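>
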Amino acid sequence: MIVAPKLKMTAAEYLEFERASEVKHEFHDGEIFLMAGASRNHDVVTVNLQSELRQFFKGKPCRPHSDDIKISVGQNGKYLYPDISVICNEAAFIEPDVANDATVIIEVLSESTEAYNRGKKFQFYQSLPSLKEYVLVAQDEMKAEVFRKGNGGKWEYELIAEAVSLLKLPSIGFEIALSEIYDGVKFS
Numbered sequence: 000m001i002v003a004p005k006l007k008m009t010a011a012e013y014l015e016f017e018r019a020s021e022v023k024h025e026f027h028d029g030e031i032f033l034m035a036g037a038s039r040n041h042d043v044v045t046v047n048l049q050s051e052l053r054q055f056f057k058g059k060p061c062r063p064h065s066d067d068i069k070i071s072v073g074q075n076g077k078y079l080y081p082d083i084s085v086i087c088n089e090a091a092f093i094e095p096d097v098a099n100d101a102t103v104i105i106e107v108l109s110e111s112t113e114a115y116n117r118g119k120k121f122q123f124y125q126s127l128p129s130l131k132e133y134v135l136v137a138q139d140e141m142k143a144e145v146f147r148k149g150n151g152g153k154w155e156y157e158l159i160a161e162a163v164s165l166l167k168l169p170s171i172g173f174e175i176a177l178s179e180i181y182d183g184v185k186f187s
């Protein structure tokens with residue numbers, strides 16, 4: 000049985016609590032936040048992307064990771080769960096289940112997380128030194144948005160919304176048609 004945490008906790012206390020928990024929580028400056036469960040469409044989109052990325056990276060140094068890997072942002076201040084992270088530097092793993100950097104982060108949007116993923120969470124991720132692309136993928140329509148770090152650290156925006164269009168991630172040399180991302184998704 001998991002005891003409810005105290006209102007504020009240290010990063011070390013959070014990691015101990017989280018590793019014993021059956022549900023996921025993010026950690027921001029001493030407070031924990033329960034993560035929402037995923038829908039079937041969310042799961043299908045995530046698995047499609049992870050499968051394609053895993054196949055693409057066979058024999059290469061980069062690896063896609065699921066939402067079981069936490070990303071540490073700042074000095075023991077935040078631990079976040081991206082849906083998919085692509086990590087190209089093994090040294091980014093500061094613990095077996097925690098990395099402090101990623102080259103690409105992908106979030107599959109849901110009604111309950113969209114504003115957070117577009118706002119605060121993206122702001123948190125921008126402090127990662129190697130992050131080159133932040134991708135938001137809709138689950139209720141065929142649409143992906145890419146925020147790409149350009150010269151001088153300025154973020155540029157690209158919208159992909161046609162089934163035949165390619166989601167291109169030049170930082171890792173990967174591209175995929177939207178139709179492949181949404182294979183098996185049932186739109187209402």
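For the sequence shown, numbering that gives the first Met the number 0 begins at 0 and goes up steadily by one. C-beta atoms are modelled at their ideal positions from N, C-alpha and C, and glycine is treated no differently. No experiment lies behind these values; they were computed from the predicted model shown.
#1: DSSP on K131, reduced to helix/strand/coil?
#2: Short of 6 Å in beta carbon distance, which residues of its chain neighbour T45, apart from the five on each side in sequence? Order them along the chain.
#3: Flag this pair as touching only if the segment 111–120 and the segment 57–68 have three or more C-beta atom pairs under 8 Å; answer yes or no.
#4: To which residues of the same chain is E51 closer than 6 Å at the C-beta, ignoring the five residues directly before and after it?
#5: How close, in whole Å, do the beta carbons of A98 and I68 come, if the pair is a contact with beta carbons under 8 Å?
#6: Would you kindly report the start and end of the unbroken beta strand (DSSP E) that includes S111?
#7: What residue range is occupied by the uninterrupted beta strand (DSSP E) comprising K148?
#8: What's the C-alpha gap between E140 and L165?
#9: According to DSSP, which residues form a beta bridge with P63?
#10: I180 by DSSP, collapsed to three states: which one?
#11: Would you kindly work out how many angstroms separate the C-alpha atoms of K142 and Y13, rounded to a whole number?
#12: Measuring only the C-alpha atoms, how far is V189 from F55?
#13: Relative to the C-alpha of L158, which residue among L168, E21, I86 and S126 is closest?
In short, the structure shows the following:
#1: Numbered from its first residue, the sequence shown carries residue 131 at position 132. Coil.
#2: By 1-based counting over the sequence shown, the position of residue 45 is 46. Result list for T45: D82 and V107, in chain order.
#3: No: fewer than three Cβ pairs fall under 8 Å.
#4: For the purposes of this step, residue 51 is taken as the residue at position 52 of the sequence shown. Excluding five sequence positions before and after E51, the CB atoms of its chain that fall closer than 6 Å to its own CB belong to I175, given in chain order.
#5: Reading the sequence shown from its first residue, position 99 is the one you call residue 98. Reading the sequence shown from its first residue, position 69 is the one you call residue 68. Rounded, the Cβ-Cβ distance is 6 Å, consistent with contact.
#6: Locating residue 111 in the sequence shown gives position 112, where the first residue counts as 1. Element bounds for S111: n/a, residue is neither H nor E.
#7: Within the sequence shown, the letter at position 149 stands for residue 148. K148 -> beta strand (DSSP E) spans A143 to K148.
#8: On the sequence shown, position 141 is the one that residue 140 refers to. On the sequence shown, position 166 is the one that residue 165 refers to. Computed Cα separation, rounded: 15 Å.
#9: Within the sequence shown, residue 63 is the residue found at index 64, counting from 1. Its beta-bridge partners are V85.
#10: Along the sequence shown, one-based indexing puts residue 180 at 181. Correct three-state label for I180: helix.
#11: Here residue 142 corresponds to residue number 143 of the sequence shown, with the count starting at 1. Here residue 13 corresponds to residue number 14 of the sequence shown, with the count starting at 1. Distance between the alpha carbons of K142 and Y13 is about 35 Å.
#12: Not covered by the structure: residue 189. The range shown for the chain is 0 to 187.
#13: As a working mapping, residue 158 is identified with position 159 in the sequence shown. The residue from L168, E21, I86 and S126 with its alpha-carbon nearest to that of L158 is L168.
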